[in-house]
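Read through the structure below, which is laid out as structure tokens, and then see the notes.
Protein chains in written order, with my numbering: chain A, 1 to 219; chain B, 220 to 438; chain C, 439 to 703.
Below is the structure:
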């Protein structure tokens, strides 16, 4: 606080905010904005009588030598991490991709039925499980090999891993919700309700996900 | 630059960077990320021998009263704009879809009573939790499944997440407004029903406390 | 509610009727009986700890009576609460019966007061929570996250909801897969009945039931069994309808059928 030069009273109704206050405003706007911001845009957003150009100059000075800098991009301004600290940011680019439906279903079966063999997964899904699907789950380290089943052929089983629990925010695989709870959470369609849905349940029907009945019989 | 205490040479190959330098690193990493970053993640990114916790303490002080602040979110830290400057940004935000009153209340009950089962939420609200309400909260990632309760039926419990804390600007669930007063007033404890007290008829029989409905009409 | 005289509810004037209706229609706006009770409690304008549960019970019962008088359907929850409050009221009014093992009226009333207070507290907590400076509304995160560079890595994302939806999709499919039997080898009774109805008109003579089997159903033992059973069941149906007669000379002897002449037609 001491660093700000509070030249004007903040609570003044008509006077422009103090330069320290203006600096704070510019700082917040540049930080939160998804695009570089021009001086004109700053002026438009800030209270009447502000001088964003001067506030920018002060702010730029303040950030000199710090982990973050104020940089000019065309005629606009943005905040960027200091170039010499780029190595901290050089973690791999992360491209987020949704798991395929087959992988998702296979994972769900392993989670709910573990330890489970490939044949059992296929029986539950009703279709064969491609090698790639299981390989992907193994690679993600969400699934690992469990004990071999003591049945003819001694097939390997699959179980979920700690990383799986971590990713899905579960404390243990036993904390996975059961069918009744899936229903309660609205993840199963109403027709699955054994007791008949209470009348008041439709009050926020618009919030319930559209599971698309047609999907249920797709394959 | 003058503000940093350059106690160690930056170019040293083996010694840990100076605290000033560590502060810059933490600043850069937190600035770059939209999500809170844990101390462990910071330590993993920074050179060997760094003390991100201490650097965080320095940095937090440095940003006091500024347009951007360092805030704690559970086990993690994040940079966030100062709340009093929200008016500058509001034009580019899209207000969250308004949650239903039921969803808002359910969220509050989960936050204050966590870990809490669905039956308990219903007991407090006096109505069943509608389909989709919990689902929506799960989808917003404000709520997740906690441990199962070690009572008959082993019902799942719900707890709030770090994203919840982040959204409501809470350092931890202990900082919920009015928590201490509610606890002192005994309003957060599970109070046993005197036999015959009104309990909603529950479709999940295994979760509902034994209320002896038949007694109600005895005389 | 026998001994204490509740005012008889006979809304006569239009105004009274409208007022009553407004109250009842409002039920839609309430989230269950507890919410309604809480709302009624507010009209007592006292601390929830000092609330008169007895007065509240009366008020609630009057409300339910009005709803009934107006023939408005209340959800079961409201009626369960009404029954319970009537019970509570009698407990509160009558001197305690020393023989009775049940809970004291005061205990029950205290618990209801607790429930109301707790619900009210949660309402207030919820309001406080939502009044906080919130991310994306009052507080903002970094607008241009820079967590990106150099090496590309694909990260698969899946939420718990995705996982549960996948599982419920499979399970729902199982539960609701329409039950379809392998019908190739099944001759249904309906089919047999239809077939016999068409043929019985011509069967004036005793004819073996076996000869009624459809063509091509006697070579495969499975199909033969199904066709025989269906035809036999169908023949019994025709007998019941009075349109055919059956006879059998002895145990395991062939069964014979013929048309039954209708005496009345």
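Quick reminder that beta carbons are idealized off the backbone N, C-alpha and C, glycines included. Note that the structure is a prediction, hence the values are computed from the model and not measured.
Chain C within 7 Å of residue i, Cβ atoms only
i: residue 272(B); result: no
i: residue 408(B); result: no
i: residue 168(A); result: yes
i: residue 440(B); result: With chain B covering 220 to 438 only, the question about residue 440(B) has no answer from this structure.
i: residue 305(B); result: yes
i: residue 338(B); result: no
i: residue 278(B); result: no
i: residue 56(A); result: no
i: residue 96(A); result: yes
i: residue 108(A); result: yes
Chain B contact for residue i (CB, 7 Å cutoff)
i: residue 469(C); result: yes
i: residue 501(C); result: no
i: residue 29(A); result: yes
i: residue 607(C); result: no
i: residue 600(C); result: no
i: residue 685(C); result: no
i: residue 489(C); result: no
i: residue 649(C); result: no
i: residue 111(A); result: no
i: residue 480(C); result: no
i: residue 19(A); result: no
i: residue 104(A); result: no
i: residue 663(C); result: no
i: residue 25(A); result: yes
i: residue 255(A); result: The question about residue 255(A) has no answer, for chain A in this structure spans 1 to 219.
Spatial distance of residue i from residue j (CA atoms)
i: residue 635(C); j: residue 629(C); result: 10 Å
i: residue 663(C); j: residue 679(C); result: 24 Å
i: residue 602(C); j: residue 595(C); result: 14 Å
i: residue 158(A); j: residue 182(A); result: 23 Å
i: residue 298(B); j: residue 32(A); result: 10 Å
i: residue 512(C); j: residue 506(C); result: 8 Å
i: residue 269(B); j: residue 573(C); result: 30 Å
i: residue 684(C); j: residue 675(C); result: 11 Å
i: residue 347(B); j: residue 557(C); result: 14 Å
i: residue 645(C); j: residue 123(A); result: 50 Å
i: residue 543(C); j: residue 337(B); result: 28 Å
i: residue 52(A); j: residue 60(A); result: 12 Å
i: residue 48(A); j: residue 568(C); result: 31 Å
i: residue 116(A); j: residue 637(C); result: 56 Å
i: residue 561(C); j: residue 87(A); result: 49 Å
i: residue 386(B); j: residue 493(C); result: 42 Å
i: residue 29(A); j: residue 327(B); result: 31 Å
i: residue 470(C); j: residue 607(C); result: 32 Å
i: residue 358(B); j: residue 598(C); result: 8 Å
Residues of its chain near residue i, where Cβ-Cβ distance is below 6 Å and the 5 sequence neighbours each way are ignored
i: residue 627(C); result: 668, 671, 672
i: residue 221(B); result: For residue 221(B), the pLDDT reaches just 43, beneath the cut-off of 50, and the residue's location in the model is therefore unreliable, although a value from the coordinates is still provided. Nothing meets the Cβ criterion.
i: residue 257(B); result: 294, 295
i: residue 527(C); result: 495
Counted within 10 angstroms of its Cβ, other Cβ atoms place residue i as buried (16 or more) or exposed
i: residue 353(B); result: buried
i: residue 564(C); result: buried
i: residue 694(C); result: buried
i: residue 525(C); result: buried
i: residue 255(B); result: buried
i: residue 300(B); result: buried
i: residue 610(C); result: buried
i: residue 196(A); result: At residue 196(A), the pLDDT of 35 sits below 50, so the modelled position is not reliable; the number obtained from the coordinates is stated separately. Exposed: under 16 other Cβ atoms inside 10 Å.
i: residue 690(C); result: exposed
is_contact[residue i, chain A] using C-beta, thresh 7 Å
i: residue 308(B); result: yes
i: residue 594(C); result: yes
i: residue 604(C); result: yes
i: residue 582(C); result: yes
i: residue 268(B); result: no
Beta-carbon proximity list for residue i, same chain, < 8 Å, skipping 5 on both sides
i: residue 273(B); result: 238, 241
i: residue 319(B); result: 352
i: residue 551(C); result: 486, 487, 489, 491
i: residue 571(C); result: 577
i: residue 71(A); result: 77, 78, 79, 80
Beta-carbon proximity list for residue i, same chain, < 7 Å, skipping 5 on both sides
i: residue 26(A); result: 42, 52, 55, 56, 59
i: residue 160(A); result: 110, 111, 114, 142, 143, 173
Open item on the list: Any C-beta of chain C within less than 7 Å: which residues of the region 250-261 of chain B qualify?
Closed with: For the region 250-261 of chain B, which is checked against every Cβ of chain C, the residues closer than 7 Å are 250, 251, 252, 253.
- [ ] Report the residues of the region 563-581 of chain C with a CB closer than 9 Å to any CB of chain B, ordered along the chain.
- [x] Correct list: 563, 564, 565, 566, 567, 568, 569, 570, 571, 572, 573, 574, 575, 576, 577, 578, 579, 580, 581.
- [ ] With 9 Å as the C-beta to C-beta threshold (strictly closer), list the residues of the region 344-364 of chain B near chain C in chain order.
- [x] Answer set for the region 344-364 of chain B: 344, 345, 346, 347, 354, 357, 358, 360, 363, 364.
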